[in-house]
């Protein structure tokens, strides 16, 4: 594995007094796609929220490019190059497509350039540039969220349940783009409840159960275990 | 027809200015979730600032307007956001409503202090271009009005461009949509909030300058009320939509002017001559009722930082007894004037008590408590009325009290019924509007109303001479007419009602009320009819407010109809009740005393100090006295964001050490009693008694803390020892935990090297 | 006997359909499972059944009577109780009072008004749910798994005919989940039907006699646990499109 860009060191975190993550350690290398898998309620989304600064950690540390970023606010992290698409609501529903893309221009990028890249990548968006994002289909919304995220040239991309509620073809197309982005050196951490869609592009996968990482390994090794984790001992 | 067109033109002119004011309200609410009641105060302050520049210092109008609208007002908005509003995140709706009330009172107090402290000079604002006008459809329209219309159009356009064409504006809308997503995208919501408060304040400033010539001479609260008139327009826009707000503003302006037209400028129906002033409140009430039904809230929405502990019945009865005993001792050594301010305070405490049940327990808001006092007085008079009215009665009869409570309860139910489907803030605004309507149409009404119902003639007597005299009771063979006796009556009443309210809270009914506040959705799925329960709470609380209001009126003896019912007193009382601790009966007591102490006693104390030390007169009287009088009440409210559970909670926390040292506490109490006895006998002056006893309240718990330090440290260690494994899990890790862990693991306590 | 029946229930939020003509049912005296991936519409279904949402189309029938238009509290009085995936506890009250107040609410509307001893009943339920040790704690400070049990106890206090449980086991560890399964069977044997939404599929397989699977707001399968475990559509929904391997 090449240089580590994002690292979690024995992180404990939760909501109020209730601990959800019981000591999670993870590392994502430069240009690597790591899939974080497991059933709902296992703490996957909380892990992402911890990394993106929306949930404070109770103990442990988070390193971004070897610097401790525990306690740094979410907006600062975003400007440091850590970009995330939260589960199911990656767009501002009452803003148009264009205005959503405008939210990515805080890095100094020109709106015109951002739009051009987005529309080339997802031609469907160019027809909808003045449409309110909330009225588009789920797939288009994820395309928009992805476009906006990538326009900021992030170093790390966090994706939460990208496939939720989407048709398999759309999911495949989105993950194809994720793979391309990773090629350019972006580290990607993908959270998915349902494994198959992401295993194809992941370099490594980790399984999370009840707030702990139970296995890390190559996707092929884990495929069998996953079935039992979801459907209860069927193998 | 000619008249109709002329009035339409004027109505649209007025509507334009309302639109500017209301839009500012919408801009701040939609980005920060705070309904800025202080909007009117910002407008007032700005209008005064403009007057200062333009008419006192004779600056040219363009410069004055620029400095006011583009520099002064936005700065005021910025300061408010950074210093006050930012702390409100994660607090309850009640706190977010009350803090701007404090700001309003603070700004108005400051304005009064700066411009109206000493001389009774008239601050006369003039229209832009004086009386110059043009004829539009046969109606003379001032240039000033035309400027207002033009500005409102320009502002509408500018806001559109800002919100839809600029990054800042789009970010503002993005904040409303999804604050955390914005942060994940590198946006800075804090900066956005600052910008929106600056813009909102700037619009308030402009509206203030444009509206102020309507008043012959500037007056702080009158001008604030003038801006309040624009609030219905913002509600029509559901506090979010700028276009709908414009429509609302036009409806508002036109209704006022059309009323002038059909009523011949108020000459036609004398009974309704105050209706014009009530139009905005009526429209506000109407607009609120037309709001769509809210979906049932869940706990996620209502989860807040406030936490209230419930005393046991034993504690309640014990403290009720202590209160009555302490009051009896205290009043026996106090001077007559001190007893008066104390009685005033206890009367206000009684009023605040109704809010403990309604707001503290049930989470509903009533911003018209004093209106219920007015209604209670009127109702009592109908019962006790003799040939010459209530004043001739020797005693307030029990029947009158019961009638007043029943009427208040019914009135409370009546306003609550349509408003029940409204949520916190909107319900609060509805009660506020109701208060204004009753004030304008009933309380300011001096003619008796005659009704013909079923052939019988009924007469309802209102504040016939502009004031009503309420006699004090003569019950159980005791005459409570004397100040001290009446003080004791109110104290006993407070203790009894307070114990009753705690009993309610501890009953099944009380648990249901609290459950309803915590999660309406869960209650509904358990089979609870929320509407009925809410209605019941509103009615009980209104009855208490009525009883308290009657006592408050009897304490005042003569009640003028124009002083306390215009809405501000109710706002102030609500604010102070929240500051005192809205979830505690003791909080209500603290609130009443506090209000009386701050507005009466503190200035008196500073006056005394000023005359005792003439060389420091300027400091005590000019600065501190005025400050505590004008700005003091507001300051305590502004700090609420930091400690939303209120003063009562803080005091209880402060006295917790006493429980661990019962011996020392007993000695302290005994010392106070001895001191009281000495004062009673005249050996110690009551000035020194209050100084020492009040001072010891602050000092003794600290002394006990430091003397019995070991005992507390031990206890803390025991607590920490219980859950050594859970440190950092059950609660956040503190640096002090390291020591505890080190001790437990038998490590030497080294210097804290390597820790950050 | 079919106790609860949803016929062609559809729910739209703006343009997005959360449920499309879903027909599910629950029999009296058994535990029925309702499973499906995240965002499949299970909680929306619960909201439609309990009246927190009014479905845009379709009917909800309880014991043959149409309850689609009834207010939430009326449905509760007819015997529909639920827990919430995102906890809806009364945070000002202790664990005991959370459960007790539900009984007190019930005694306001039930026919045997005042005759039942809600306090004793609450103690019984606290013990049944294994909450005795936590009864005096604030609900805000107990772990999620236990908080879910408090919600269940609260719902049981209304003596429901059918209990809708929304992910009751999440936040409970393996040991606790094991016990919880036994508890569900006990509640069933006492005569309360259960409709169970749960992500812990092994629990669902163990306690349910009939399972219905939602995906993208549509019913994609129903049958016995054994049938569901081998149903290709279910495997596809859970594991992605090509689980033929």
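Residue numbers (this note's numbering), protein chains in the order written: chain A, 25 to 259; chain B, 22 to 777; chain C, -7 to 237. Backbone N, C-alpha and C define an ideal beta-carbon position, used for all residues, glycine too.
Query raised in the report: In this structure, what does DSSP give as the bridge partners for residue 160 (chain B)?
Result: B:157
Query raised in the report: Roughly how many angstroms separate the alpha carbons of residue 167 (chain B) and residue 37 (chain B), rounded to a whole number?
Result: 10 Å
Query raised in the report: Rounded to a whole number of angstroms, what is the C-alpha to C-alpha distance between residue 184 (chain C) and residue 175 (chain C)?
Result: 12 Å
Query raised in the report: Of the choices B:466, B:498, B:493, whose alpha-carbon is the least far from that of residue 485 (chain B)?
Result: B:466
Query raised in the report: Do three or more CB pairs link the stretch 178 to 186 of chain A to the stretch 214 to 223 of chain A at distances below 8 Å?
Result: yes
Query raised in the report: Pick from B:561, B:301, B:65: whose alpha carbon is nearest that of residue 243 (chain B)?
Result: B:65
Query raised in the report: Distance, Cα to Cα, residue 42 (chain C) vs residue 67 (chain C)?
Result: 7 Å
Query - Integer-rounded CB distance, given that residue 609 (chain B) should sit under 8 Å from residue 276 (chain B) - result: Not quite, the Cβ-Cβ distance comes to about 39 Å (not below 8 Å), so this is no contact.
Requested in this report: Using a threshold of 8 Å, state whether the C-beta atoms of residue 375 (chain B) and residue 86 (chain B) are closer than that.
Outcome: no
Query raised in the report: Any idea what DSSP makes of residue 220 (chain B), helix, strand or coil?
Result: helix
Query raised in the report: Mind listing which residues of the stretch 192 to 213 of chain B have their C-beta closer than 9 Å to chain A's C-betas, in chain order?
Result: 192, 194, 195, 197, 198, 199, 201, 202, 203, 204, 205, 206, 207, 208, 209, 210, 211
Query raised in the report: Taking the Cβ atom as the reference point for each residue, do residue 213 (chain C) and residue 226 (chain C) lie within a distance shorter than 8 Å?
Result: yes
Requested in this report: Check residue 385 (chain B) in the structure and name its three-state DSSP category.
Outcome: coil
**Report entry** Pairwise C-alpha distance: residue 400 (chain B) and residue 77 (chain A)
**Finding:** 59 Å
Query - Nonlocal neighbours in the same chain, by C-beta distance under 7 Å from residue 220 (chain C), ignoring five residues either side - result: 203, 205, 213, 226
Report task. Kindly indicate the opening and closing residues of the beta strand (DSSP E) around residue 214 (chain A). Result -> 211 to 216
**Report entry** Residues bridged to residue 157 (chain C) [DSSP beta-bridge criterion]
**Finding:** C:188
Report task. Locate the beta strand (DSSP E) running through residue 230 (chain A), then write down its first and last residues. Result -> 228 to 233
Report task. Just mark residue 308 (chain B) as buried or exposed, buried being the case when its beta carbon has 16 or more other beta carbons within 10 Å. Result -> buried
Query raised in the report: Is the Cβ of residue 123 (chain A) closer than 8 Å to any Cβ of chain B?
Result: yes
Query raised in the report: Any beta-carbon of chain C closer than 8 Å to the one on residue 217 (chain A)?
Result: yes
Query raised in the report: Does the distance from the CB of residue 612 (chain B) to the CB of residue 601 (chain B) come in under 8 Å?
Result: yes
Query raised in the report: Ends of the beta strand (DSSP E) at residue 479 (chain B)?
Result: 477 to 481
Requested in this report: Just the chain A side, please: which residues come within less than 7 Å of residue 136 (chain C) by C-beta, in chain order?
Outcome: 42
Report task. Determine whether the Cβ of residue 330 (chain B) lies closer than 8 Å to any Cβ atom of chain A. Result -> no
Query raised in the report: Grouping DSSP H, G and I as helix and E and B as strand, with all else coil, what is residue 634 (chain B)?
Result: coil
Report task. Output yes if chain A places a C-beta closer than 8 Å to the C-beta of residue 526 (chain B); else output no. Result -> no
Query raised in the report: What distance in whole Å lies between the Cβ atoms of residue 231 (chain A) and residue 112 (chain A), which are believed to be in contact at a cut-off of 8 Å?
Result: With a Cβ gap of about 22 Å, residue 112 (chain A) and residue 231 (chain A) do not count as contacting.
Query - Unbroken alpha helix (DSSP H) run spanning residue 581 (chain B), endpoints - result: Element bounds for residue 581 (chain B): not the alpha helix (DSSP H) but the beta strand (DSSP E), 579 to 581.
Query raised in the report: Taking the DSSP output, what are the residues bridged to residue 51 (chain A)?
Result: A:31
Query - Neighbour-count burial assignment, residue 469 (chain B), 16 or more Cβ in a 10 Å radius - result: exposed
Query raised in the report: Using the beta-carbon of each residue, which ones in chain B are nearer than 7 Å to residue 76 (chain A)?
Result: 205
Query - Contact with chain A by residue 738 (chain B), beta-carbon distance below 8 Å - result: Here residue 738 (chain B) scores only 48 on pLDDT, less than 50, and its place in the model should not be relied on; the value that follows carries that caveat. Cβ-Cβ to chain A under 8 Å: no for residue 738 (chain B).
Query raised in the report: Residues of chain A with CB under 8 Å from residue 165 (chain C), in chain order?
Result: 234
Query raised in the report: Taking Cβ positions only, does residue 87 (chain A) come closer than 8 Å to chain B?
Result: no
Query raised in the report: What are the complete beta strand (DSSP E) segments, minimum 3 residues, inside the stretch 93 to 161 of chain B?
Result: 154 to 157
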